[in-house]
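**Student:** Numbering (the UniProt record's numbering), first residue to last: 1 to 432.
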(Lines of atoms letter the chains of each structure in order from A and count residues from 1; the text may use other names and numbers.)
(Lines give C-alpha, C1' and ligand atoms only; values in the text may rest on other atoms or scores of the structure.)
Protein backbone atom coordinates (compact mmCIF):
# COMPACT_ATOMS: atom_id res chain seq x y z
CA UNK A 1 0.00 0.00 0.00
CA UNK A 2 1.45 3.38 -0.98
CA UNK A 3 2.00 6.04 1.65
CA UNK A 4 -0.70 8.53 0.51
CA UNK A 5 -3.40 5.86 0.54
CA UNK A 6 -2.16 4.52 3.89
CA UNK A 7 -2.70 7.92 5.45
CA UNK A 8 -6.07 8.16 3.74
CA UNK A 9 -7.17 4.80 5.20
CA UNK A 10 -5.96 5.81 8.66
CA UNK A 11 -8.57 8.58 8.65
CA UNK A 12 -11.35 6.85 6.71
CA UNK A 13 -11.48 3.39 8.35
CA UNK A 14 -12.48 4.56 11.88
CA UNK A 15 -14.98 7.06 10.45
CA UNK A 16 -16.52 4.46 8.16
CA UNK A 17 -16.76 1.91 10.96
CA UNK A 18 -18.58 4.44 13.14
CA UNK A 19 -20.92 5.40 10.27
CA UNK A 20 -21.92 1.82 9.42
CA UNK A 21 -22.39 0.83 13.07
CA UNK A 22 -24.71 3.78 13.54
CA UNK A 23 -26.70 2.74 10.45
CA UNK A 24 -27.08 -0.84 11.74
CA UNK A 25 -28.08 0.20 15.27
CA UNK A 26 -30.69 2.77 14.28
CA UNK A 27 -34.04 1.19 13.68
CA UNK A 28 -35.33 1.76 10.18
CA UNK A 29 -38.95 2.22 9.22
CA UNK A 30 -41.15 -0.82 9.72
CA UNK A 31 -41.29 -2.79 6.48
CA UNK A 32 -43.99 -5.17 5.37
CA UNK A 33 -46.47 -4.26 8.11
CA UNK A 34 -47.89 -0.90 7.07
CA UNK A 35 -51.47 -2.19 7.34
CA UNK A 36 -50.87 -3.47 10.88
CA UNK A 37 -49.25 -0.20 11.85
CA UNK A 38 -52.19 1.80 10.53
CA UNK A 39 -54.65 -0.46 12.34
CA UNK A 40 -52.85 -0.12 15.68
CA UNK A 41 -52.36 3.64 15.26
CA UNK A 42 -56.04 4.18 14.53
CA UNK A 43 -57.09 2.05 17.49
CA UNK A 44 -54.91 3.85 20.04
CA UNK A 45 -55.74 7.25 18.50
CA UNK A 46 -59.45 6.64 19.07
CA UNK A 47 -58.66 6.08 22.75
CA UNK A 48 -56.21 8.92 23.44
CA UNK A 49 -57.89 11.52 21.22
CA UNK A 50 -61.60 10.74 21.32
CA UNK A 51 -61.83 8.79 24.61
CA UNK A 52 -63.20 5.59 23.02
CA UNK A 53 -61.92 2.75 25.22
CA UNK A 54 -60.85 -0.38 23.35
CA UNK A 55 -58.70 -3.52 23.51
CA UNK A 56 -56.65 -5.56 21.04
CA UNK A 57 -54.22 -8.46 20.71
CA UNK A 58 -51.02 -8.40 18.64
CA UNK A 59 -50.04 -11.95 17.67
CA UNK A 60 -46.95 -13.15 15.87
CA UNK A 61 -44.02 -15.56 16.19
CA UNK A 62 -40.88 -14.45 18.07
CA UNK A 63 -38.86 -11.94 16.07
CA UNK A 64 -41.75 -10.85 13.85
CA UNK A 65 -41.60 -7.24 15.13
CA UNK A 66 -44.50 -7.11 17.61
CA UNK A 67 -42.71 -5.09 20.30
CA UNK A 68 -41.05 -2.90 17.65
CA UNK A 69 -44.46 -2.15 16.12
CA UNK A 70 -45.95 -1.16 19.48
CA UNK A 71 -42.93 0.96 20.43
CA UNK A 72 -42.92 2.77 17.08
CA UNK A 73 -46.63 3.61 17.22
CA UNK A 74 -46.50 4.72 20.87
CA UNK A 75 -43.44 6.91 20.25
CA UNK A 76 -45.27 8.61 17.39
CA UNK A 77 -48.45 9.18 19.43
CA UNK A 78 -46.69 10.35 22.61
CA UNK A 79 -45.44 13.37 20.71
CA UNK A 80 -49.02 14.33 19.81
CA UNK A 81 -51.16 13.27 22.78
CA UNK A 82 -50.94 13.18 26.56
CA UNK A 83 -51.71 9.79 28.11
CA UNK A 84 -50.49 7.37 30.78
CA UNK A 85 -48.53 4.37 29.54
CA UNK A 86 -48.45 1.28 31.76
CA UNK A 87 -46.23 -1.61 30.64
CA UNK A 88 -46.68 -5.04 32.20
CA UNK A 89 -44.79 -8.22 31.34
CA UNK A 90 -46.01 -11.73 32.10
CA UNK A 91 -42.45 -12.87 32.78
CA UNK A 92 -41.92 -10.15 35.41
CA UNK A 93 -45.35 -9.53 36.90
CA UNK A 94 -46.12 -13.11 37.77
CA UNK A 95 -49.07 -12.32 40.05
CA UNK A 96 -51.70 -9.60 40.40
CA UNK A 97 -49.99 -7.92 43.37
CA UNK A 98 -46.79 -7.27 41.40
CA UNK A 99 -48.86 -5.93 38.52
CA UNK A 100 -50.81 -3.65 40.87
CA UNK A 101 -47.59 -2.20 42.31
CA UNK A 102 -46.38 -1.41 38.79
CA UNK A 103 -49.69 0.27 37.94
CA UNK A 104 -49.56 2.35 41.16
CA UNK A 105 -46.00 3.51 40.45
CA UNK A 106 -46.68 4.34 36.80
CA UNK A 107 -49.87 6.31 37.53
CA UNK A 108 -48.22 8.08 40.52
CA UNK A 109 -51.13 6.97 42.67
CA UNK A 110 -51.12 7.22 46.45
CA UNK A 111 -50.43 3.80 47.96
CA UNK A 112 -52.69 4.63 50.90
CA UNK A 113 -55.63 4.52 48.50
CA UNK A 114 -54.84 0.89 47.78
CA UNK A 115 -54.58 0.09 51.48
CA UNK A 116 -58.00 1.67 52.16
CA UNK A 117 -59.69 -0.21 49.29
CA UNK A 118 -61.49 -3.54 49.54
CA UNK A 119 -58.30 -5.57 49.20
CA UNK A 120 -59.25 -7.25 45.94
CA UNK A 121 -57.44 -6.37 42.75
CA UNK A 122 -60.65 -5.13 41.14
CA UNK A 123 -61.40 -2.89 44.13
CA UNK A 124 -57.88 -1.50 44.23
CA UNK A 125 -57.78 -0.66 40.52
CA UNK A 126 -61.24 0.92 40.71
CA UNK A 127 -60.05 3.10 43.61
CA UNK A 128 -57.01 4.19 41.59
CA UNK A 129 -59.15 5.12 38.56
CA UNK A 130 -61.55 7.06 40.80
CA UNK A 131 -58.68 9.18 42.11
CA UNK A 132 -57.65 9.97 38.53
CA UNK A 133 -61.19 11.07 37.73
CA UNK A 134 -61.37 13.31 40.82
CA UNK A 135 -57.92 14.84 40.20
CA UNK A 136 -58.25 17.89 37.95
CA UNK A 137 -54.72 17.37 36.56
CA UNK A 138 -55.45 13.82 35.37
CA UNK A 139 -59.17 13.89 34.62
CA UNK A 140 -59.96 12.48 31.16
CA UNK A 141 -56.30 11.51 30.71
CA UNK A 142 -56.35 8.14 28.89
CA UNK A 143 -54.44 5.08 30.09
CA UNK A 144 -52.78 2.66 27.67
CA UNK A 145 -51.91 -0.77 29.10
CA UNK A 146 -49.32 -2.85 27.22
CA UNK A 147 -49.28 -6.51 28.32
CA UNK A 148 -46.19 -8.31 26.97
CA UNK A 149 -46.30 -12.12 27.08
CA UNK A 150 -50.06 -11.84 27.32
CA UNK A 151 -50.57 -15.63 27.42
CA UNK A 152 -48.84 -15.82 30.83
CA UNK A 153 -51.44 -13.52 32.38
CA UNK A 154 -54.06 -16.12 31.43
CA UNK A 155 -52.59 -18.45 34.08
CA UNK A 156 -53.19 -15.95 36.92
CA UNK A 157 -55.78 -16.98 39.47
CA UNK A 158 -59.28 -16.51 38.01
CA UNK A 159 -57.70 -14.16 35.43
CA UNK A 160 -58.60 -11.30 37.76
CA UNK A 161 -56.08 -8.89 36.22
CA UNK A 162 -57.36 -9.45 32.67
CA UNK A 163 -61.00 -9.32 33.74
CA UNK A 164 -60.53 -6.06 35.63
CA UNK A 165 -58.64 -4.35 32.80
CA UNK A 166 -61.10 -5.53 30.13
CA UNK A 167 -64.01 -4.49 32.31
CA UNK A 168 -62.40 -1.08 32.86
CA UNK A 169 -62.14 -0.63 29.09
CA UNK A 170 -65.90 -1.17 28.90
CA UNK A 171 -67.31 0.67 31.90
CA UNK A 172 -65.01 3.30 33.51
CA UNK A 173 -65.13 7.02 32.85
CA UNK A 174 -61.38 7.06 32.22
CA UNK A 175 -60.52 6.08 28.61
CA UNK A 176 -58.62 2.79 28.79
CA UNK A 177 -56.80 0.89 26.05
CA UNK A 178 -55.55 -2.66 26.67
CA UNK A 179 -53.00 -4.04 24.17
CA UNK A 180 -51.87 -7.64 24.58
CA UNK A 181 -48.67 -8.83 22.86
CA UNK A 182 -48.19 -12.56 22.45
CA UNK A 183 -46.61 -15.25 20.31
CA UNK A 184 -49.47 -17.66 21.07
CA UNK A 185 -52.01 -17.51 18.24
CA UNK A 186 -54.59 -19.53 20.18
CA UNK A 187 -54.47 -17.26 23.24
CA UNK A 188 -58.16 -16.32 22.99
CA UNK A 189 -59.01 -19.95 23.73
CA UNK A 190 -57.28 -19.55 27.11
CA UNK A 191 -59.53 -16.66 28.15
CA UNK A 192 -62.34 -17.29 30.60
CA UNK A 193 -65.86 -16.64 29.36
CA UNK A 194 -66.29 -13.46 31.41
CA UNK A 195 -62.98 -12.06 30.08
CA UNK A 196 -63.70 -13.04 26.49
CA UNK A 197 -67.10 -11.34 26.62
CA UNK A 198 -65.43 -8.02 27.51
CA UNK A 199 -62.61 -8.32 24.96
CA UNK A 200 -63.17 -6.31 21.78
CA UNK A 201 -61.73 -9.14 19.62
CA UNK A 202 -59.46 -6.79 17.68
CA UNK A 203 -56.54 -8.95 16.57
CA UNK A 204 -53.45 -7.82 14.64
CA UNK A 205 -51.31 -10.57 13.14
CA UNK A 206 -47.62 -10.21 12.27
CA UNK A 207 -45.55 -12.74 10.37
CA UNK A 208 -41.78 -12.85 9.74
CA UNK A 209 -40.65 -12.01 6.19
CA UNK A 210 -40.40 -14.99 3.85
CA UNK A 211 -38.60 -13.19 1.03
CA UNK A 212 -34.82 -13.59 1.16
CA UNK A 213 -34.40 -10.72 -1.29
CA UNK A 214 -35.55 -8.28 1.41
CA UNK A 215 -32.82 -9.64 3.74
CA UNK A 216 -30.24 -9.29 0.95
CA UNK A 217 -31.33 -5.69 0.37
CA UNK A 218 -30.95 -5.04 4.09
CA UNK A 219 -27.43 -6.49 3.95
CA UNK A 220 -26.55 -4.15 1.06
CA UNK A 221 -28.00 -1.23 2.99
CA UNK A 222 -25.83 -2.01 6.02
CA UNK A 223 -22.52 -2.20 4.10
CA UNK A 224 -22.92 0.73 1.69
CA UNK A 225 -22.72 4.45 2.34
CA UNK A 226 -22.72 7.84 0.68
CA UNK A 227 -19.76 10.18 0.85
CA UNK A 228 -21.79 12.76 2.77
CA UNK A 229 -22.67 10.14 5.43
CA UNK A 230 -19.04 10.04 6.60
CA UNK A 231 -18.09 13.12 8.59
CA UNK A 232 -14.56 13.75 7.36
CA UNK A 233 -12.39 16.85 7.09
CA UNK A 234 -11.06 16.92 3.50
CA UNK A 235 -8.06 18.99 4.62
CA UNK A 236 -6.84 15.97 6.63
CA UNK A 237 -6.61 13.81 3.51
CA UNK A 238 -3.95 13.80 0.85
CA UNK A 239 -6.43 12.36 -1.71
CA UNK A 240 -10.18 12.64 -2.26
CA UNK A 241 -12.52 10.73 0.13
CA UNK A 242 -14.21 9.35 -2.97
CA UNK A 243 -11.19 7.16 -3.68
CA UNK A 244 -11.69 5.03 -0.56
CA UNK A 245 -15.46 5.03 -1.13
CA UNK A 246 -14.98 3.72 -4.68
CA UNK A 247 -12.62 0.95 -3.55
CA UNK A 248 -14.90 0.02 -0.63
CA UNK A 249 -18.00 -0.37 -2.80
CA UNK A 250 -15.97 -2.27 -5.39
CA UNK A 251 -15.10 -4.85 -2.70
CA UNK A 252 -18.70 -4.87 -1.44
CA UNK A 253 -19.94 -5.80 -4.91
CA UNK A 254 -17.48 -8.70 -5.00
CA UNK A 255 -18.86 -9.90 -1.66
CA UNK A 256 -22.48 -9.68 -2.87
CA UNK A 257 -21.61 -11.60 -6.06
CA UNK A 258 -19.91 -14.38 -4.08
CA UNK A 259 -22.17 -17.49 -4.01
CA UNK A 260 -20.67 -18.68 -0.70
CA UNK A 261 -21.72 -15.45 1.01
CA UNK A 262 -25.24 -15.80 -0.39
CA UNK A 263 -25.36 -19.38 0.89
CA UNK A 264 -24.34 -18.29 4.41
CA UNK A 265 -26.92 -15.50 4.44
CA UNK A 266 -29.64 -17.84 3.17
CA UNK A 267 -28.87 -20.43 5.82
CA UNK A 268 -29.04 -17.84 8.57
CA UNK A 269 -32.28 -16.42 7.15
CA UNK A 270 -33.86 -19.86 6.81
CA UNK A 271 -33.30 -20.74 10.46
CA UNK A 272 -33.68 -17.38 12.19
CA UNK A 273 -35.64 -14.60 10.50
CA UNK A 274 -35.22 -12.30 13.50
CA UNK A 275 -33.85 -9.03 12.15
CA UNK A 276 -32.23 -8.11 15.47
CA UNK A 277 -30.08 -11.26 15.36
CA UNK A 278 -28.96 -10.31 11.88
CA UNK A 279 -28.15 -6.76 13.00
CA UNK A 280 -26.04 -8.04 15.91
CA UNK A 281 -24.06 -10.29 13.58
CA UNK A 282 -23.48 -7.44 11.14
CA UNK A 283 -22.20 -5.28 14.00
CA UNK A 284 -19.58 -7.94 14.68
CA UNK A 285 -18.61 -7.94 10.99
CA UNK A 286 -18.16 -4.16 10.87
CA UNK A 287 -16.18 -4.25 14.14
CA UNK A 288 -13.59 -6.41 12.37
CA UNK A 289 -12.83 -3.63 9.87
CA UNK A 290 -9.50 -2.13 10.96
CA UNK A 291 -6.17 -0.85 9.62
CA UNK A 292 -4.13 -3.99 10.24
CA UNK A 293 -6.22 -6.93 9.01
CA UNK A 294 -9.36 -5.88 7.12
CA UNK A 295 -9.41 -2.42 5.58
CA UNK A 296 -12.23 -3.57 3.30
CA UNK A 297 -15.15 -5.97 3.51
CA UNK A 298 -14.32 -9.47 2.27
CA UNK A 299 -16.19 -12.72 1.65
CA UNK A 300 -13.87 -14.61 4.01
CA UNK A 301 -14.66 -12.15 6.82
CA UNK A 302 -18.43 -12.49 6.32
CA UNK A 303 -18.30 -16.30 6.19
CA UNK A 304 -16.04 -16.57 9.24
CA UNK A 305 -18.12 -14.27 11.45
CA UNK A 306 -21.45 -15.85 10.48
CA UNK A 307 -20.11 -19.38 10.96
CA UNK A 308 -18.52 -18.50 14.32
CA UNK A 309 -21.54 -16.69 15.76
CA UNK A 310 -24.42 -18.55 14.17
CA UNK A 311 -24.54 -22.11 15.45
CA UNK A 312 -27.55 -24.06 14.27
CA UNK A 313 -28.30 -26.04 17.42
CA UNK A 314 -31.33 -27.62 15.78
CA UNK A 315 -29.03 -29.39 13.30
CA UNK A 316 -26.83 -30.56 16.21
CA UNK A 317 -29.96 -31.89 17.95
CA UNK A 318 -31.02 -33.76 14.79
CA UNK A 319 -27.59 -35.32 14.41
CA UNK A 320 -27.86 -36.62 17.98
CA UNK A 321 -31.08 -38.55 17.30
CA UNK A 322 -31.35 -42.28 16.75
CA UNK A 323 -31.99 -43.58 13.23
CA UNK A 324 -35.62 -44.32 14.13
CA UNK A 325 -36.18 -40.79 15.47
CA UNK A 326 -34.53 -39.32 12.37
CA UNK A 327 -36.91 -41.37 10.20
CA UNK A 328 -39.84 -39.80 12.03
CA UNK A 329 -38.34 -36.34 11.45
CA UNK A 330 -38.02 -37.10 7.72
CA UNK A 331 -41.64 -38.29 7.64
CA UNK A 332 -42.74 -35.07 9.38
CA UNK A 333 -40.71 -33.00 6.91
CA UNK A 334 -42.42 -34.67 3.94
CA UNK A 335 -45.83 -34.24 5.57
CA UNK A 336 -45.20 -30.54 6.25
CA UNK A 337 -43.81 -29.80 2.78
CA UNK A 338 -46.63 -31.59 0.98
CA UNK A 339 -49.40 -29.86 2.94
CA UNK A 340 -47.88 -26.35 3.22
CA UNK A 341 -46.95 -26.36 6.92
CA UNK A 342 -50.33 -27.66 8.06
CA UNK A 343 -50.29 -29.33 11.51
CA UNK A 344 -50.15 -33.12 11.72
CA UNK A 345 -50.77 -35.88 14.25
CA UNK A 346 -48.93 -39.06 15.14
CA UNK A 347 -51.13 -41.20 12.91
CA UNK A 348 -50.15 -39.25 9.77
CA UNK A 349 -46.45 -39.59 10.54
CA UNK A 350 -46.83 -43.28 11.39
CA UNK A 351 -48.46 -44.02 8.03
CA UNK A 352 -45.63 -42.32 6.14
CA UNK A 353 -43.07 -44.29 8.14
CA UNK A 354 -44.96 -47.54 7.41
CA UNK A 355 -45.04 -46.77 3.69
CA UNK A 356 -41.28 -46.20 3.63
CA UNK A 357 -40.39 -49.36 5.59
CA UNK A 358 -42.69 -51.47 3.42
CA UNK A 359 -40.85 -50.26 0.33
CA UNK A 360 -37.38 -50.53 1.95
CA UNK A 361 -36.25 -54.13 2.39
CA UNK A 362 -33.15 -53.31 4.48
CA UNK A 363 -34.99 -51.56 7.32
CA UNK A 364 -36.95 -53.45 9.99
CA UNK A 365 -40.25 -51.82 10.90
CA UNK A 366 -40.58 -50.86 14.58
CA UNK A 367 -43.76 -51.32 16.58
CA UNK A 368 -46.29 -48.52 17.10
CA UNK A 369 -45.45 -48.34 20.84
CA UNK A 370 -41.75 -47.84 20.13
CA UNK A 371 -42.53 -45.15 17.55
CA UNK A 372 -44.84 -43.38 20.01
CA UNK A 373 -42.00 -43.23 22.53
CA UNK A 374 -39.66 -41.80 19.86
CA UNK A 375 -42.38 -39.30 18.93
CA UNK A 376 -42.57 -38.18 22.57
CA UNK A 377 -38.81 -37.58 22.62
CA UNK A 378 -39.15 -35.23 19.65
CA UNK A 379 -41.81 -33.33 21.63
CA UNK A 380 -39.48 -33.09 24.64
CA UNK A 381 -36.70 -31.74 22.38
CA UNK A 382 -39.22 -29.15 21.05
CA UNK A 383 -38.58 -30.23 17.48
CA UNK A 384 -42.37 -30.37 17.28
CA UNK A 385 -44.84 -28.42 19.39
CA UNK A 386 -48.55 -28.91 20.12
CA UNK A 387 -50.99 -26.62 18.33
CA UNK A 388 -53.47 -26.51 21.21
CA UNK A 389 -53.45 -27.39 24.87
CA UNK A 390 -54.18 -31.11 24.92
CA UNK A 391 -57.69 -32.04 25.87
CA UNK A 392 -58.45 -35.19 27.84
CA UNK A 393 -61.29 -35.89 25.43
CA UNK A 394 -58.89 -36.14 22.44
CA UNK A 395 -56.91 -39.34 22.03
CA UNK A 396 -53.14 -38.95 22.23
CA UNK A 397 -52.66 -40.11 18.64
CA UNK A 398 -54.91 -37.34 17.29
CA UNK A 399 -53.39 -34.29 19.00
CA UNK A 400 -52.10 -31.86 16.38
CA UNK A 401 -48.47 -30.68 16.23
CA UNK A 402 -46.40 -28.23 14.22
CA UNK A 403 -42.96 -29.00 12.81
CA UNK A 404 -40.31 -26.58 14.15
CA UNK A 405 -37.54 -27.63 11.76
CA UNK A 406 -36.91 -26.28 8.26
CA UNK A 407 -36.31 -28.46 5.23
CA UNK A 408 -32.76 -27.05 4.97
CA UNK A 409 -31.99 -28.15 8.53
CA UNK A 410 -33.28 -31.65 7.88
CA UNK A 411 -31.20 -31.97 4.69
CA UNK A 412 -28.05 -30.70 6.43
CA UNK A 413 -28.53 -33.11 9.36
CA UNK A 414 -29.11 -36.06 7.01
CA UNK A 415 -26.06 -35.11 4.96
CA UNK A 416 -23.79 -35.12 8.03
CA UNK A 417 -25.48 -37.95 9.94
CA UNK A 418 -22.86 -40.65 10.73
CA UNK A 419 -23.23 -44.05 9.02
CA UNK A 420 -26.74 -43.36 7.74
CA UNK A 421 -28.14 -45.93 5.31
CA UNK A 422 -28.26 -44.73 1.68
CA UNK A 423 -31.94 -45.69 1.47
CA UNK A 424 -32.82 -43.21 4.26
CA UNK A 425 -30.70 -40.47 2.65
CA UNK A 426 -32.51 -41.05 -0.63
CA UNK A 427 -35.87 -40.91 1.16
CA UNK A 428 -34.94 -37.63 2.83
CA UNK A 429 -34.04 -35.95 -0.48
CA UNK A 430 -36.97 -37.37 -2.44
CA UNK A 431 -40.14 -35.44 -3.22
CA UNK A 432 -43.22 -37.06 -1.70
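We treat Cβ as the ideally placed atom computed from N, Cα and C, and that holds for glycine.
Look up residue 148 in the DSSP assignment and give the residues it is bridged to.
**Tutor:** 89, 181
**Student:** Look at the Cβ atom of residue 175, then the Cβ atom of residue 47, and state whether they are nearer than 8 Å.
**Tutor:** yes
**Student:** Candidates 283, 322, 290: which alpha carbon is nearest residue 309's?
**Tutor:** 283
**Student:** Answer yes if the segment 145-159 comes into contact with the segment 31-43, meaning at least three C-beta pairs across the two stretches below 8 Å, and no otherwise.
**Tutor:** no
**Student:** In the structure shown, what three-state DSSP assignment does residue 305 receive?
**Tutor:** helix
**Student:** Please classify residue 259: does DSSP put it in a helix, a strand, or coil?
**Tutor:** helix
**Student:** Just to confirm the assignment, what range does the beta strand (DSSP E) spanning residue 157 have?
**Tutor:** For residue 157, there is no enclosing beta strand (DSSP E), as DSSP marks it with neither H nor E.
**Student:** What's the gap between the Cα of residue 14 and the Cα of residue 223?
**Tutor:** 14 Å
**Student:** Taking the continuous alpha helix (DSSP H) assigned at residue 36, which residues delimit it?
**Tutor:** 34-50
**Student:** Taking the alpha-carbon positions, what's the residue 125 to residue 132 distance?
**Tutor:** 11 Å
**Student:** What did DSSP end up calling residue 279 once you bin it into helix, strand or coil?
**Tutor:** helix
**Student:** Taking the continuous alpha helix (DSSP H) assigned at residue 335, which residues delimit it?
**Tutor:** 323-338
**Student:** In angstroms, rounded to a whole number, what distance separates the CA positions of residue 79 and residue 305?
**Tutor:** 40 Å
**Student:** Relative to the C-alpha of residue 397, which residue among 72, 346, 385, 374 is closest?
**Tutor:** Taking only the C-alpha atoms, the option nearest residue 397 is 346.
**Student:** Mapping the DSSP letters down to three states, classify residue 64 as helix, strand or coil.
**Tutor:** coil
**Student:** Using only the alpha-carbon positions, how far apart do residue 401 and residue 51 sit?
**Tutor:** In this structure, the CA atom of residue 401 is about 43 Å from the CA atom of residue 51.
**Student:** So, under 8 Å CB-CB, residue 225 and residue 19 are touching, yes? Tell me the CB distance rounded to an integer number of Å.
**Tutor:** 6 Å
**Student:** Look at the alpha carbon of residue 286 and the alpha carbon of residue 274, and state the distance between them as a whole number of angstroms.
**Tutor:** Their Cα atoms are separated by approximately 19 Å.
**Student:** Pair every Cβ in the segment 317-332 with every Cβ in the segment 350-357, then say whether three or more of these pairs are closer than 8 Å.
**Tutor:** yes
**Student:** Where does residue 384 sit, in a helix, a strand or coil, going by DSSP?
**Tutor:** strand
**Student:** How about residue 60 and residue 66: do their beta carbons lie closer than 8 Å?
**Tutor:** The answer is yes: Cβ separation under 8 Å.
**Student:** Check whether the Cβ atoms of residue 90 and residue 185 lie closer than 8 Å to each other.
**Tutor:** no
**Student:** Of the residues 296, 429, 365, which one's Cα is nearest the Cα of residue 254?
**Tutor:** 296
**Student:** Measuring CA to CA, which of 349, 369, 63 is closest to residue 279?
**Tutor:** Measuring from the Cα of residue 279, the nearest candidate turns out to be 63.
**Student:** For residue 195, which residues of its own chain have a beta-carbon under 7 Å away from its beta-carbon, when the five flanking residues on both sides are left out?
**Tutor:** 159, 162, 163, 166
**Student:** Whole angstroms is fine: what's the gap from residue 238's alpha carbon to residue 83's?
**Tutor:** For residue 238, the predicted structure reports a pLDDT of 48, less than 50, and the residue's modelled location is therefore unreliable. The matter cannot be settled from this model.
**Student:** Is there at least one Cβ from chain C nearer than 8 Å to residue 17's Cβ?
**Tutor:** This model lacks chain C altogether; it includes just one protein chain.
**Student:** Take residue 419 as the anchor and find which of 53, 319, 409, 12 has the nearest alpha-carbon.
**Tutor:** 319
**Student:** Going by alpha carbons, who is nearest to residue 211 out of 270, 104, 81, 367?
**Tutor:** 270
**Student:** Three-state secondary structure (DSSP) at residue 402?
**Tutor:** strand
**Student:** Kindly identify the DSSP beta-bridge partner or partners of residue 203.
**Tutor:** 57
**Student:** Give the DSSP-derived three-state secondary structure of residue 143 in the structure shown.
**Tutor:** strand
**Student:** So, with DSSP's three-state summary, where would you put residue 176?
**Tutor:** strand
**Student:** Less than 8 Å between the beta carbons of residue 302 and residue 261, yes or no?
**Tutor:** The answer is yes: Cβ separation under 8 Å.
**Student:** Mind reading off the beta-carbon distance from residue 365 to residue 348? Whole number of angstroms is fine, and I expect it under 8 Å.
**Tutor:** Their Cβ separation, rounded to whole angstroms, is 17 Å, which puts residue 365 and residue 348 out of contact at 8 Å.
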